[in-house]
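Trainee: These protein sequence lines are chains H and D, in that order. First residue of the first sequence: 1, per full-length UniProt numbering; consecutive thereafter. First residue of the second sequence: 1, per full-length UniProt numbering; consecutive thereafter.
Number of protein chains: 2
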Amino acid sequence: MSESWLSKVNWTHDGLVPVIAQETGTGKVLMFAWMNREALKRTAECGEAVYWSRSRKKLWHKGEESGHVQKVKEIRLDCDEDVILLEVEQIGGIACHTGRHDCFFQKLESDTWIIDAPVIKDPAEIYKK
Amino acid sequence: MSESWLSKVNWTHDGLVPVIAQETGTGKVLMFAWMNREALKRTAECGEAVYWSRSRKKLWHKGEESGHVQKVKEIRLDCDEDVILLEVEQIGGIACHTGRHDCFFQKLESDTWIIDAPVIKDPAEIYKK
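(1) Spatial neighbours of D/Arg42 within its chain, please: C-beta separation below 6 Å, excluding the five flanking residues on both sides.
(2) What in chain H is Cβ-close to D/Gln106, meaning under 7 Å?
(3) Evaluate H/Asp78 with the Cβ neighbour count: other Cβ atoms within 10 Å of its Cβ, from every protein chain shown; 16 or more gives buried, anything less gives exposed.
(4) What separation, rounded to the nearest whole angstrom, lies between the Cα atoms of H/Arg76 and D/Glu109?
(5) My assumption, with CB atoms under 8 Å, is that D/Lys73 sits in contact with D/Ile94. Please give the rounded CB distance.
(6) Against chain H, does D/His101 count as a neighbour if the rule is that its beta carbon must be under 8 Å from one of theirs?
(7) Based on the DSSP output, what are the partners of H/Glu48 in its beta bridges?
(8) Would you call the region 110-119 of chain D and the region 82-92 of chain D in contact, with 3 or more CB pairs under 8 Å?
(9) For D/Thr112, write down the residues that DSSP places opposite it in a beta bridge.
(10) Quick one: give me the first and last residue of the beta strand (DSSP E) that H/Ile84 is part of.
(11) Select from D/Ile114, D/Ala117, D/His13, D/Val29 the residue whose C-alpha is nearest the C-alpha of D/Gln90.
(12) Taking 7 Å as the limit between beta carbons, can you name the residues of its chain near D/Asn10, skipping five residues before and five after?
(13) Could you give the residue range of the beta strand (DSSP E) that holds D/Trp60?
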């Protein structure tokens with residue numbers, strides 16, 4: 001497979017691109033993360049989301065510990081070619097490390113952030129060795 | 001209105017936060033942009049999306065030229081408190097400066113980015129003085 005499509009992406013100075021993961025069917029925005037060129041290449045090749053962990057400074061195959069992998073249905077690029085939108089099937093129905101369906105569980109109500117989504121599974125259960 | 005909710009956001013070193021704008025009803029991801037503290041404050045106050053333009057280095061009231069403002073229905077914050085998700089009504093049905101409904105009109109098919117969304121209105125018409 002040619003890699004010219006990877007060169008179309010306008011990578012940041014750090015060689016990264018922001019990525020939005022959206023759930024197929026529900027349309028819910030699950031999470032936001034980053035990819036480098038290798039992560040995007042692997043995502044396209046293996047059909048599961050592989051991100052770049054900025055904190056751990058390494059490739060992060062989402063779900064490698066939890067089993068909550070993301071099966072990629074579609075990869076999209078925006079008008080400026082510097083943002084990726086993934087359409088994914090979220091295995092396990094849990095995208096967030098807090099054990100919630102998605103990461104956007106805090107909603108602004110007047111001047112307070114309110115948590116309005118339940119913990120589906122205790123993270124201690126999800127990440128136990 | 002207290003501003004303590006603004007301090008809950010984990011701003012980047014540049015004082016910014018990434019923002020995903022999602023269309024109410026359709027669930028379509030319209031665009032991705034950035035806000036600084038003032039932009040987020042104004043967004044909450046006026047009920048229309050105000051971003052920080054990193055290229056122009058100034059506040060950008062989305063739609064100020066085109067009329068394609070975004071009426072904000074909901075403001076969400078993610079688990080790490082460093083990403084904002086806006087639910088918006090897209091006035092004019094056009095979020096992208098190319099005249100398309102949203103910015104994610106390029107889809108990866110094998111190793112090529114394919115444009116699969118029409119231009120609804122010519123940008124020359126949208127941005128004419």
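Think of the CB as a built atom: it goes at the ideal place given N, C-alpha and C, for glycine as much as any other residue. Small disclaimer: the values here were computed from a predicted structure and weren't measured.
Mentor: This is what the structure gives:
(1) Val50
(2) Arg76, Leu77
(3) buried
(4) 10 Å
(5) Their Cβ separation, rounded to whole angstroms, is 18 Å, which puts D/Lys73 and D/Ile94 out of contact at 8 Å.
(6) no
(7) H/Lys71
(8) no
(9) D/Glu109
(10) 84-90
(11) D/Val29
(12) Asp80, Glu81, Asp82
(13) 58-61
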